[in-house]
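Working notes, structure below.
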Amino acid sequence: MLGSVANMFGGVKTGHLLADAKELRRVISELPLDNAFKALDEIDAWFESLLAAHDFPDDQLFEVTRQLEEAGQQHVRKLGRDYLHSPRLSKSEEKRFWSIISGFWKLAAANYERCLAHASQKDKVAEHLQAVLPLLLSRLLAALAAVVKWDQFRYGPVHSELWLRMGHAYLAAVNAKVADKPVKLYPNASGMTTPAREYLRVLVFHASAMDSLLPLEIDLAEHLIHHFLPQFVFGPQSHPESVCWIDAGSAMPPKRMAVYPTELTPGLRFFHSGPAHAAAAALLSDLERGLELPADVHLGSAYPVKTVLPVLRHLVANWSQVPPQREHKRHRVKHRMAVLPGLVNAFVAFSGEFGERPAGLPIESWVVDDVSRGGFGAVLSELRADWLKVGALIAMQPEGGENWLLGIVRRYQRESEVEAKAGVESLSRQVVAVEVRPRTASSYAAVASIPALWLQEGNEAGEIRLVMPPATFDLRESMEFERDGQRYLLTPVALAEHAADYEIARYRALTAD
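Residue numbers (my numbering): 11 to 523.
Shown next, in the form of structure tokens:
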């Protein structure tokens, strides 16, 4: 049927270049293969021109959009890998990557939506669109899901109109009785999908609490969701196992069943993980026992098991009938907190050599709105910091206080372009800045020192934890430091956590004269 649509290109009365099938093939063939940015920029320009061409027949628009999107896939994958795996992208480079890929999906979705709008009419064009409606709706929902994913890479905001647009597409599939019609989403795709499955995929993605994952982990989570998605249960009926629900006719994201819908509507849908939770838990158990990833689990790239494990643990926890509970009770408060980013700034603050609040450091002011024994939640009204992300190390000082605390940003979600919410885990309220050195045969003074933060709370008996620069910990190398005239000898135990700009290591500690 797609071929019959394509055969119509020759006789169309429109001034747009891509209405000619030969010109479309030429444009696609001349896209640069060695410059992904330029290729996507050209495709985006063609997408924009199609949106502006009001005389372009909408059945042909679907075929042209489909081919342009397929031509862009390899370039989207290339730039997506660079975005996620480049260790040190500048803020401007990161924005450039994000803008062109997010723009590609937004423009593709807008063109598919124009086709969908025509499909409900009573003419020949609508007849042709009805014939390809399952693929049209699947492509549209997949494109909008990609917009949500790329918004989540920047921790939002995911605008409410996206949920309305996705719900509209899903309900269009339901009304046309094609929601469960299998299609091959892309020519090289393995397996089949349906409009309903593409809708469920983005619902599960949102319900899986991506605000506590790094961008690379978000991408891994999406691939794992895709693998387990056929086992999820989704439909108009609520069951005792139902965990989440959504009203597809409203501009709202999925909700946990703790907040029950107030009225029955045609767009009300419920979902839960079904057998997927047990299957994911079984895979997690296998990986924790040292087994390799099965060959049928495709993650977009090759990853070591240690990278996959925390993401899989996160999904297993969030797909449970009982979602993860807070370990400590929260208390509502309203007070300001001075915040310093990064290990270097924290070292200066905890050293005390420059006073309680050292001048010249990039101190920010956050508004704390809830606290617990494990940390706090904060509202940020000015998003000027480009360092802020899940996993960021921060030193904190309550307004009016004298002591600094150390914490890690565990959750981060932008509510709008100017406001965000952050959840911070407190690592220790008692921290000492020390300078550690490898225990080598050379004299103590001759070995270069390494700045570190000694966490004096939450340690195992006989151990200490140090926050150190990345790639410092070595299981084969003992360390030492002096504090208040006492020498501490450190034997490595394990690397407890690592990020791009710091790591937390455990050592057994002995004192020496």
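Even for Gly, the Cβ is constructed at its ideal location relative to N, Cα and C.
DSSP-derived helix/strand/coil call for residue i
{"i": "Glu105", "result": "The displayed chain sequence assigns Lys, not Glu, to residue 105. Reduced to three states, the DSSP call for Lys105 is helix."}
{"i": "Thr203", "result": "strand"}
{"i": "Ser436", "result": "strand"}
{"i": "Pro408", "result": "strand"}
{"i": "Thr275", "result": "coil"}
{"i": "Val168", "result": "coil"}
{"i": "Leu325", "result": "helix"}
{"i": "Leu465", "result": "strand"}
{"i": "Phe483", "result": "coil"}
{"i": "Lys399", "result": "coil"}
{"i": "Val419", "result": "strand"}
{"i": "Ala16", "result": "Note that Ala16 scores a pLDDT of 39, beneath 50, so its modelled location is shaky and nothing firm can be said."}
{"i": "Glu80", "result": "helix"}
{"i": "Val74", "result": "helix"}
{"i": "Val428", "result": "coil"}
{"i": "Ser130", "result": "coil"}
{"i": "Glu473", "result": "strand"}
{"i": "Val318", "result": "helix"}
{"i": "Ala44", "result": "Going by the sequence as given, residue 44 is Asp instead of Ala. Here Asp44 sits in coil by DSSP."}
{"i": "His26", "result": "coil"}
{"i": "Trp538", "result": "Nothing can be reported for residue 538, as the shown portion of the chain is limited to 11 through 523."}
{"i": "Leu147", "result": "helix"}
{"i": "Val332", "result": "coil"}
{"i": "Ala305", "result": "coil"}
{"i": "Ala261", "result": "coil"}
{"i": "Gly370", "result": "coil"}
Start and end residues, beta strand (DSSP E) containing residue i
{"i": "Leu520", "result": "513-522"}
{"i": "Ser135", "result": "According to the sequence shown, residue 135 is Val rather than Ser. Taken as a continuous stretch (DSSP letters only), Val135 belongs to no beta strand (DSSP E), being part of the alpha helix (DSSP H) at 134-141."}
{"i": "Ala388", "result": "385-390"}
{"i": "Arg98", "result": "Careful: Arg98 lies outside any beta strand (DSSP E) and carries neither H nor E."}
{"i": "Met489", "result": "489-493"}
Per DSSP, cross-strand counterpart(s) of residue i
{"i": "Ser375", "result": "Ala348"}
{"i": "Phe66", "result": "Beta-bridge pairing links Phe66 to no other residue."}
{"i": "His287", "result": "His287 is not bridged to any residue."}
{"i": "Met478", "result": "Glu513"}
{"i": "His282", "result": "Val243"}
{"i": "Ser311", "result": "Paired residues: none, contrary to the question."}
{"i": "Ile460", "result": "Val446"}
{"i": "Val158", "result": "Its beta-bridge partners do not exist; DSSP assigns none."}
{"i": "Glu123", "result": "Note: Glu123 sits in no beta bridge, so no partner."}
{"i": "Met267", "result": "Met267 pairs with nothing; no bridge assigned."}
{"i": "Val441", "result": "Leu465"}
Where residue i falls, given that 16 or more other Cβ within 10 Å makes a residue buried
{"i": "Pro225", "result": "buried"}
{"i": "Thr204", "result": "buried"}
{"i": "Gln162", "result": "buried"}
{"i": "Ser200", "result": "exposed"}
{"i": "Arg486", "result": "exposed"}
{"i": "Arg497", "result": "exposed"}
{"i": "Val428", "result": "exposed"}
{"i": "His26", "result": "buried"}
{"i": "Ala515", "result": "buried"}
{"i": "Arg342", "result": "exposed"}
{"i": "Asp306", "result": "exposed"}
{"i": "Glu470", "result": "exposed"}
{"i": "Met11", "result": "Low local confidence applies: a pLDDT of 37 at Met11 is under 50, so the model's placement there is unreliable, and no value is given."}
{"i": "Leu301", "result": "exposed"}
{"i": "Ala451", "result": "Here Ala451 scores only 47 on pLDDT, less than 50, and its place in the model is too uncertain to base an answer on."}
{"i": "Leu274", "result": "exposed"}
{"i": "Tyr180", "result": "buried"}
{"i": "Asn185", "result": "exposed"}
{"i": "Pro250", "result": "exposed"}
{"i": "Glu73", "result": "buried"}
{"i": "His85", "result": "buried"}
{"i": "Ala290", "result": "buried"}
{"i": "Lys194", "result": "exposed"}
First and last residue of the uninterrupted alpha helix (DSSP H) at residue i
{"i": "Leu301", "result": "From DSSP, Leu301 is part of no alpha helix (DSSP H); its letter is neither H nor E."}
{"i": "Thr501", "result": "Where Thr501 is concerned, there is no enclosing alpha helix (DSSP H), although the beta strand (DSSP E) it sits in stretches over 496-508."}
{"i": "Arg35", "result": "31-39"}
{"i": "Val354", "result": "353-361"}
C-beta neighbour in chain D for residue i, strict 9 Å
{"i": "Pro276", "result": "Looking at the structure shown, chain D is missing, and only one protein chain is on hand."}
4-residue-minimum alpha helix (DSSP H) runs that sit fully inside the region 176-258, ordered along the chain: 205-217, 225-238
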